[in-house]
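**Q**
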Ligand code: BG6
Ligand code: MG
């Protein structure tokens, strides 16, 4: 790794470092079924990077019933309790050992941070044994606007004392690539986000990241 233009890498969590998408899907599916609203994996994919309440609003768009703020908060709480009971089963084995090694190596040359819309980010990082690996954790607990607003990434850069142009964002969601672009960050897309025109780089695997960082 020679030409170090970026000083930090800000990682999205869900779908990038670990794969909680199926848990989100199963929890929302149970909620949607109980409300009689059609919901499938394709609809779940559109909720990536979107906050819990905004996800619920998107699901409720398929319902003819209107819900009060208090009812929506109760539904979100129910979804979160289902989701957290699934998260409890996560262990360090849920992180690819090669990804863990890559993060360790990257951490020697770059500051590394989390930029996640999730309010469960710390809990997940603890379960998968990565909580101490990151220099900063910016998550859904300290933002007013979720992706595609860049607030969560700006907070991460602020925590690191860096400017957006010094940080590379890694994302699997279109909303996350848009958030990075809206905040003046370069981005590396993996998974579905690779189809996003605003991505700076496209990765087939997270393990390609060191090569991308050495490239500029
Ligand atoms: C994002 C997920 O990381 O976090 C979204 O991609 C999710 O699907 C959002 O809705 C909020 O998560 P949580 O854990 O706060 O409900
Ligand atoms: Mg994600």
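Residue numbers (our numbering): 59 to 274. All C-beta atoms, glycine included, are put in the ideal place defined by N, C-alpha and C.
1) Using only alpha-carbon positions, find the residue among 111, 112, 221, 148 that is nearest to residue 185.
2) Would the beta-carbon of residue 227 fall within 9 Å of that of residue 70?
3) Taking the C-alpha atoms as reference points, what is the distance between residue 64 and residue 223?
4) Let me know the alpha helix (DSSP H) ranges lying completely inside the stretch 130-216, each 4 residues or longer, listed in chain order.
5) In its own chain, which residues sit with a C-beta less than 8 Å from the C-beta of residue 338, not counting the 5 before and 5 after it?
6) Only counting the same chain, and skipping five residues up and downstream in sequence, which positions put a Cβ closer than 7 Å to that of residue 120?
7) Taking residue 155 as the reference, give the member of 75, 86, 114 with the closest Cα.
8) Within the chosen definition, does the stretch 182-196 reach the stretch 84-94 through at least 3 CB pairs nearer than 8 Å?
9) Taking DSSP as the reference, what is the three-state secondary structure of residue 81?
10) Name the one or two DSSP bridge partners that residue 123 has.
11) Could you check the C-alpha separation between residue 128 and residue 196 for me, to the nearest Å?
12) Check each residue's C-beta against every heavy atom of ligand 2 and list, in chain order, those closer than 7 Å.
13) Just tell me which of 108, 151, 272 has its CA closest to the CA of residue 79.
14) Would you kindly check if the distance between the Cβ of residue 207 and the Cβ of residue 178 is under 9 Å?
15) Is it the case that the CB of residue 177 approaches a heavy atom of ligand 1 more closely than 8 Å?
16) With DSSP collapsed to three states, give me the class of residue 260.
17) Three or more C-beta pairs closer than 8 Å, one from the stretch 159-171 and one from the stretch 138-145: is that the case here?
18) Given 8 Å as the limit, tell me if residue 77 has its C-beta closer than that to any heavy atom belonging to ligand 1.
19) Distance, Cα to Cα, residue 123 vs residue 233?
20) DSSP three-state label for residue 105, please.
21) Look at residue 229 and residue 251 and say whether their C-beta atoms are less than 9 Å apart.
**A** If we stick to the structure as given:
1) 148
2) yes
3) 7 Å
4) 155-167, 179-185
5) Lying outside 59 to 274, the shown extent of the chain, residue 338 is not represented and no answer is given.
6) 95, 96
7) 75
8) no
9) helix
10) The partner list for residue 123 (beta bridge, DSSP) is empty, contrary to what the question assumes.
11) 27 Å
12) Output, sorted by chain position: 70, 71, 72, 73, 74, 106, 107, 229, 230, 231, 234.
13) 108
14) no
15) yes
16) Residue state, collapsed to three classes: strand.
17) no
18) no
19) 27 Å
20) coil
21) yes
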